[in-house]
Amino acid sequence: RSGGKHLLKRIARGLLPDAVIDRPKGYFPVPALKYVRGPFLEFMREVLHSPACRARGLYDRAYVETLLADPERHLTRIQGSKLFHLALLELWLQRNVDGATKA
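Structure, rendered in structure tokens:
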């Protein structure tokens with residue numbers, strides 16, 4: 055192999071413990087957004103109420119409404135907002151999948 059992480063790992067040998075260098079890939083979460091309020095909450099509401107989101111049918115609408123009604127009550131195991139994760143995925147789909155098919 056050449057370049058990429060392989061080169062970085064080879065350079066790190068002897069400087070870092072092998073257990074650190076050879077550990078399996080892990081979960082790298084987005085910074086945990088816990089408090090969803092004000093304009094940001096309204097932005098997420100617009101994304102999740104958009105025609106594209108409804109047409110996609112990816113989410114249980116009742117669950118989305120539950121999250122929108124009280125976003126700070128519904129957190130991931132690392133204390134991030136579940137609503138944020140849903141809205142982030144939907145926004146990504148709209149910009150990268152829906153937008154890509156229109157181009």
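The sequence shown maps to residues 55 to 157 in the working numbering.
Every residue, glycine too, gets a C-beta built ideally from N, C-alpha and C.
None of these values were measured; they are calculated from a predicted model.
Legend entry - Per DSSP, cross-strand counterpart(s) of Ser135: By one-based count along the sequence shown, residue 135 stands at place 81. The partner list for Ser135 (beta bridge, DSSP) reads Leu129.
Inset, instruction - Under 8 Å by Cβ, that's how I've got Val101 and Ala141 pegged, so tell me the actual separation to the nearest angstrom. - result: Numbered from 1 along the sequence shown, position 47 holds the residue referred to as residue 101. Numbered from 1 along the sequence shown, position 87 holds the residue referred to as residue 141. Rounded, the Cβ-Cβ distance is 5 Å, consistent with contact.
Legend entry - Backbone CA spacing between Ser135 and Val151 [nearest angstrom]: Your numbering for residue 135 matches position 81 in the sequence shown. Your numbering for residue 151 matches position 97 in the sequence shown. Whole-angstrom Cα-Cα distance: 24 Å.
Inset, instruction - May I ask you to list the residues that DSSP assigns as paired with Leu70? - result: Counting from one through the sequence shown, the residue named residue 70 turns up at place 16. Arg67.
Inset, instruction - Assuming Leu145 contacts Val90 (C-beta within less than 8 Å), just tell me the rounded distance between them. - result: Position 91 of the sequence shown holds residue 145. Position 36 of the sequence shown holds residue 90. 14 Å between Cβ atoms; not a contact.
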